[in-house]
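Asks:
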Amino acid sequence: MTATPKDELARVVRDHAGRLAAALVGLTGDFATAEDMVQDAVEAALTHWPAEGIPERPDAWLFTVARRRGLDHLKRQARYRSKLALLHWPTQPEPDDRLRLIFTCCHPALPRTGQIALTLRAVCGLTTAQIARAFLLPETTIGQRITRAKRKISEAGIPYRIPDPDELASRLSEVLAVIYLLFNEGYLATTGEVSHDRNLADDAEFLATLLHRLMPAEPEVMGLLALIRLHQARTAARFDADGRIIQLPDQDRSLWNHTVVTNAGDLIARAAAHRRPGPYQLQAAIVACHAEAKRWQDTDWPQILVLYTMLLRLQPSPVTRLHRAVALRYTDGPRAALAELEQLADTLDGYHLYHATRAELLRADNQPEMAQEADERALPLAANPAEIDLLRHRLPWR
Numbered sequence: 070m071t072a073t074p075k076d077e078l079a080r081v082v083r084d085h086a087g088r089l090a091a092a093l094v095g096l097t098g099d100f101a102t103a104e105d106m107v108q109d110a111v112e113a114a115l116t117h118w119p120a121e122g123i124p125e126r127p128d129a130w131l132f133t134v135a136r137r138r139g140l141d142h143l144k145r146q147a148r149y150r151s152k153l154a155l156l157h158w159p160t161q162p163e164p165d166d167r168l169r170l171i172f173t174c175c176h177p178a179l180p181r182t183g184q185i186a187l188t189l190r191a192v193c194g195l196t197t198a199q200i201a202r203a204f205l206l207p208e209t210t211i212g213q214r215i216t217r218a219k220r221k222i223s224e225a226g227i228p229y230r231i232p233d234p235d236e237l238a239s240r241l242s243e244v245l246a247v248i249y250l251l252f253n254e255g256y257l258a259t260t261g262e263v264s265h266d267r268n269l270a271d272d273a274e275f276l277a278t279l280l281h282r283l284m285p286a287e288p289e290v291m292g293l294l295a296l297i298r299l300h301q302a303r304t305a306a307r308f309d310a311d312g313r314i315i316q317l318p319d320q321d322r323s324l325w326n327h328t329v330v331t332n333a334g335d336l337i338a339r340a341a342a343h344r345r346p347g348p349y350q351l352q353a354a355i356v357a358c359h360a361e362a363k364r365w366q367d368t369d370w371p372q373i374l375v376l377y378t379m380l381l382r383l384q385p386s387p388v389t390r391l392h393r394a395v396a397l398r399y400t401d402g403p404r405a406a407l408a409e410l411e412q413l414a415d416t417l418d419g420y421h422l423y424h425a426t427r428a429e430l431l432r433a434d435n436q437p438e439m440a441q442e443a444d445e446r447a448l449p450l451a452a453n454p455a456e457i458d459l460l461r462h463r464l465p466w467r
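Using our numbering, read the sequence shown as starting at 70 and increasing by one per residue.
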């Protein structure tokens, strides 16, 4: 089936927007101008392609139009003659340029909301309207975030470069955090009326895949990509026909994409070979223990407990302790897990999953009345529609 001009443009933007913007930023020296040049070229394609047909090399067509849009900008600068000769569309990928673009979008001087919006716009090629729909926010709000982020880059003189070796680890951690936050919002939304957004999760997987392509020897990049793919592999089994969450023990594992699970396991093994364990590698290994078990009862809980203990040493967190307590239930029993949760009561009292987990442990310990009280405490704290529905169905009087 022949793609329509609109579909082909969407594909080209998805595959090449980051490369386009990266090449133009590197040549014009101005982030905002380069990003605007790409958007102008996309708008021109929406007009010309339906009337004139899809060009033979649509990515080069977009770059040529963007180049023309940028000529006036360059003419106003002393660098015009030297830069103009370099404004050509490369025949081979420019990984360093795209890597610079990702690090610029995720610079720690920008607020997290600005990092995410700018990354989706510049690297993934999403329009302001698409980003606004994904986060259920007005277009004006997203537009302002993008504008403020670009202004901050310009006014603060944020360099368009890959960080120096002495700061690469911390800066890479920031990039990974942005991608992971984006994935989590798509995997299980924290706001709005939808329980999950597959497109947003796919955007995060795209970014993680691109980052891995650009930094193939970084174990934490491999870990994040494996983690995302393992979660994505279970998508078809996560919700029923009515949109209700199907919890892991009850999921139909034949619906999981086992090829993806196997490939993610290979990524984890390659990352582990570097002997530089990190939080994303450990989280991926934990999810792999679940994904590789043929049945719920085959889950390797002792191994999961070991991995959570390692994760706590690397990245102490009350939420990680909460997850470790779940593993402890299956190795040492529900009372051992409840004792662990008691130590988190003050810290996680406002977190719905603390109370929901406590309810499950109390039920496992034959304390149904206290379990119901814990679910009642969790319900008003939950924001995701599917999680709210799950909690309501656990409360018979609702």
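We treat Cβ as the ideally placed atom computed from N, Cα and C, and that holds for glycine.
1. Note down the Cα distance separating Ala113 from Val134, rounded to an integer number of angstroms.
2. I'd like to know if the segment 230 to 247 and the segment 175 to 184 are in contact, where contact means that at least 3 CB-CB pairs between them fall below 8 Å.
3. Given a cut-off of 8 Å, decide if Leu78 and Trp118 are closer than it, judged by their beta-carbon atoms.
4. Tell me the DSSP secondary structure of Ile314 in three-state form.
5. Hey, how far is the Cα of Leu460 from the Cα of Pro449?
6. By the 10 Å Cβ neighbour count, where 16 or more other Cβ atoms means buried, how is Gly87 classified, buried or exposed?
7. Is the distance from the Cβ of Asn332 to the Cβ of Arg298 below 8 Å?
8. Between which residues of its own chain and Ala353 is the CB-CB distance below 6 Å, once the five residues before and five after are set aside?
9. Spatial neighbours of Leu413 within its chain, please: CB distance less than 7 Å, with the 5 preceding and 5 following residues excluded, ordered by chain position.
10. Take every Cβ of the segment 423 to 433, pair it with every Cβ of the segment 227 to 236, and state whether three or more of those distances are shorter than 8 Å.
11. Thr304 and Arg267 - do their beta-carbons sit closer together than 8 Å?
12. Going straight from the alpha carbon of Ala440 to that of Leu430, what length do you get?
13. Spatial neighbours of Val356 within its chain, please: C-beta separation below 7 Å, excluding the five flanking residues on both sides.
14. Do you know offhand how far Arg181's Cα is from Asn435's?
15. Tell me the start and end of each unbroken beta strand (DSSP E) in the segment 314 to 402 that is at least 3 residues and wholly inside, in chain order.
16. Among His359, Ala286, Ala362 and Tyr399, whose alpha-carbon lies nearest the alpha-carbon of Arg344?
17. Please report the straight-line C-alpha distance between Asp99 and Ser223, rounded to a whole angstrom.
18. Near Asp76, which residues of its chain fall below 6 Å by C-beta distance, leaving aside the five closest residues on each side in sequence?
19. Are the beta-carbon atoms of Ala186 and Ile200 separated by less than 8 Å?
20. Rounded to whole angstroms, what's the CA-CA distance from Asp109 to Ala218? Just pull it up for me.
21. Work out the CA separation of Leu195 and Thr209 for me, nearest whole Å.
22. Looking only at C-alpha atoms, which of Leu115, Leu276, Ala203 and Trp365 sits nearest to Ser323?
23. Could you check the C-alpha separation between Met106 and Val247 for me, to the nearest Å?
24. Who pairs with Phe308 in a beta bridge, going by DSSP?
25. Using only CA atoms, which one of Trp130, Val94, Gly95 and Ala120 lies nearest to Val82?
26. Can you list, in chain order, the residues of its chain with a C-beta nearer than 7 Å to that of His359? Leave out the 5 residues immediately preceding and following it.
27. Could you check whether Arg214 and Gly183 sit closer than 8 Å to each other, using their CB atoms as the reference points?
28. Return the first residue and the last residue of the alpha helix (DSSP H) that Arg230 is part of.
29. Quick one: what does DSSP say Asn253 is sitting in, helix, strand or coil?
30. Measuring straight from C-alpha to C-alpha, what distance separates Gly95 and Glu121?
31. I'd like the list of long-range same chain contacts for Lys221, defined as Cβ closer than 8 Å, with 5 residues on each side in sequence excluded.
32. Name the residue from Arg393, Leu381, Ala433 and Leu250 whose alpha carbon lies nearest to the alpha carbon of Arg404.
Replies: This is what the structure holds:
1. Within the sequence shown, the letter at position 44 stands for residue 113. Within the sequence shown, the letter at position 65 stands for residue 134. Those two C-alpha atoms are separated by around 8 Å.
2. Contact holds between the segment 230 to 247 and the segment 175 to 184, because three or more Cβ pairs, one in each stretch, are under 8 Å apart.
3. Here residue 118 refers to the residue found at position 49 when the sequence shown is read from its first residue. Here residue 78 refers to the residue found at position 9 when the sequence shown is read from its first residue. Pairing Trp118 with Leu78 gives a Cβ-Cβ distance under 8 Å.
4. Taking the sequence shown and counting its residues from 1, the one referred to as residue 314 is at position 245. Taken through DSSP and simplified to helix, strand or coil, Ile314 comes out as strand.
5. If you number the sequence shown from 1, residue 460 lands on position 391. If you number the sequence shown from 1, residue 449 lands on position 380. When rounded, the distance between both Cα atoms is 10 Å.
6. Taking the first residue of the sequence shown as 1, we reach residue 87 at position 18. With at least 16 other beta carbons inside 10 angstroms of its own, Gly87 counts as buried.
7. If you number the sequence shown from 1, residue 332 lands on position 263. If you number the sequence shown from 1, residue 298 lands on position 229. In this structure, Arg298 lies closer than 8 Å to Asn332 by Cβ.
8. Against the sequence shown, residue 353 aligns to sequence position 284. The residues are Gly292, Ala295, Leu296 and Ile337.
9. Position 344 of the sequence shown, counted from the start, is the residue given in the question as residue 413. Closer than 7 Å at the Cβ level, and outside the excluded window around Leu413, lie Pro387, Arg390, Leu391 and Tyr423.
10. In short, these stretches do not touch, since the Cβ pair count stays below three.
11. Numbered from its first residue, the sequence shown carries residue 267 at position 198. Numbered from its first residue, the sequence shown carries residue 304 at position 235. Yes, the Cβ-Cβ distance between Arg267 and Thr304 is below 8 Å.
12. Within the sequence shown, residue 440 is the residue found at index 371, counting from 1. Within the sequence shown, residue 430 is the residue found at index 361, counting from 1. For Ala440 and Leu430, the distance between alpha carbons rounds to 8 Å.
13. One-based indexing of the sequence shown puts residue 356 at position 287. If you ignore the 5 residues before and after Val356, its C-beta comes within less than 7 Å of the C-beta of Leu296, Leu299 and His300, all in its own chain and listed in chain order.
14. The residue labelled residue 181 in the question sits at position 112 within the sequence shown. The residue labelled residue 435 in the question sits at position 366 within the sequence shown. Going from the Cα of Arg181 to the Cα of Asn435 covers about 43 Å.
15. The DSSP assignment places no complete beta strand (DSSP E) segment of no fewer than 3 residues inside the segment 314 to 402.
16. Locating residue 344 in the sequence shown gives position 275, where the first residue counts as 1. Among His359, Ala286, Ala362 and Tyr399, the Cα nearest to that of Arg344 belongs to Ala286.
17. Locating residue 99 in the sequence shown gives position 30, where the first residue counts as 1. Locating residue 223 in the sequence shown gives position 154, where the first residue counts as 1. Here the alpha carbons of Ser223 and Asp99 stand approximately 8 Å from one another.
18. Taking the sequence shown and counting its residues from 1, one reaches residue 76 at position 7. Sequence-distant partners of Asp76 (beyond 5 residues in either direction) whose C-beta falls short of 6 Å from its own C-beta are missing from its chain.
19. Here residue 186 corresponds to residue number 117 of the sequence shown, with the count starting at 1. Here residue 200 corresponds to residue number 131 of the sequence shown, with the count starting at 1. Yes, they are a contact pair.
20. Indexing the sequence shown from 1 puts residue 109 at position 40. Indexing the sequence shown from 1 puts residue 218 at position 149. Taking the Cα positions, Asp109 is about 19 Å away from Ala218.
21. The sequence position of residue 209 within the sequence shown is 140, counting from 1. The sequence position of residue 195 within the sequence shown is 126, counting from 1. Their Cα atoms are separated by approximately 15 Å.
22. Taking the first residue of the sequence shown as 1, we reach residue 323 at position 254. Ranking Leu115, Leu276, Ala203 and Trp365 by Cα distance to Ser323 puts Trp365 first.
23. Taking the first residue of the sequence shown as 1, we reach residue 106 at position 37. Taking the first residue of the sequence shown as 1, we reach residue 247 at position 178. Their backbone Cα atoms lie some 25 Å apart in a straight line.
24. Against the sequence shown, residue 308 aligns to sequence position 239. In DSSP, Phe308 forms a bridge with Ile314.
25. Here residue 82 corresponds to residue number 13 of the sequence shown, with the count starting at 1. For Val82, the nearest C-alpha among the options comes from Trp130.
26. Looking up residue 359 in the sequence shown gives position 290. Once the five neighbours on either side are set aside, the close Cβ partners of His359 are Leu317 and Thr368.
27. Mapped onto the sequence shown, residue 183 falls at position 114. Mapped onto the sequence shown, residue 214 falls at position 145. Yes, they are a contact pair.
28. Position 161 of the sequence shown holds residue 230. From DSSP, Arg230 is part of no alpha helix (DSSP H); its letter is neither H nor E.
29. Within the sequence shown, the letter at position 184 stands for residue 253. Here Asn253 sits in helix by DSSP.
30. For the purposes of this step, residue 95 is taken as residue 26 along the sequence shown, with counting starting at 1. For the purposes of this step, residue 121 is taken as residue 52 along the sequence shown, with counting starting at 1. In a straight line, the C-alpha of Gly95 is about 31 Å away from that of Glu121.
31. Residue numbering aside, residue 221 sits at position 152 when the sequence shown is read from its first letter. The answer, listed in chain order, is Ala178, Leu179, Gly183 and Ile227.
32. By 1-based counting over the sequence shown, the position of residue 404 is 335. Nearest of Arg393, Leu381, Ala433 and Leu250 to Arg404, Cα basis: Ala433.
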